[in-house]
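*Asks:*
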Amino acid sequence: MEGPSKKWQQTRMATLERARRRHQAALQKTSTATLAVCAFYLASFLHLQIFDLDVTRLSCIETIQIALLGATIFLVPISLGAMLAAWAFSSLLDN
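Residue numbers for the sequence shown follow my numbering, so the first one is 296 and each next one is one higher.
Structure below.
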């Protein structure tokens, strides 16, 4: 049985290289989004812990911050899961 032809090998390598380039762009966007979500979560959490807020006198900005903090509680595990999946796919492409 013959091995794959040279043209087939070139096509395969070109396809893998294109997939790797497209994946790198998506991985960069995912990692930036994950970093932003984690940074906002940490900053909001520290702000609420450092400044002892009076619940009866919350400003509009503090109320929005608490609502966004609640949203980031759900976004952190989702974005970290997406990062792990992208990292795993990247390692598969490298092999």
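Heads up, the beta-carbon is just placed ideally off N, CA and C, and yes, glycines get one too.
Report the option in Lys324, His318 and Phe335 whose CA atom is closest to the CA atom of Leu370.
*Replies:* The residue you call residue 370 lines up with position 75 of the sequence shown. The residue with the shortest Cα to Cα distance from Leu370 is Phe335.
*Asks:* Assign Ala297 to one of three DSSP states: helix, strand, or coil.
*Replies:* As a first step, residue 297 must be located in the sequence shown, where it is residue number 2. The amino acid occupying residue 297 in the given sequence is Glu; Ala does not appear at that position. Coil at Glu297, not helix or strand.
*Asks:* On a Cα-Cα basis, can you pick out the residue from Asp389, Ala377 and Leu343 that is closest to Thr358?
*Replies:* Stepping through the sequence shown from its first residue, residue 358 is reached at position 63. For Thr358, the nearest C-alpha among the options comes from Leu343.
*Asks:* Check Leu341 in the structure and name its three-state DSSP category.
*Replies:* As a position in the sequence shown, residue 341 is number 46, starting the count at 1. Residue state, collapsed to three classes: helix.
*Asks:* Quick one: what does DSSP say Asp347 is sitting in, helix, strand or coil?
*Replies:* Against the sequence shown, residue 347 aligns to sequence position 52. Three-state DSSP puts Asp347 in coil, outside helix and strand.
*Asks:* Measure the CB-CB distance between Thr306 and Ala381 and report whether it falls below 7 Å.
*Replies:* For the purposes of this step, residue 306 is taken as the residue at position 11 of the sequence shown. For the purposes of this step, residue 381 is taken as the residue at position 86 of the sequence shown. No; because the gap between Cβ atoms is not below 7 Å, this pair is not in contact.
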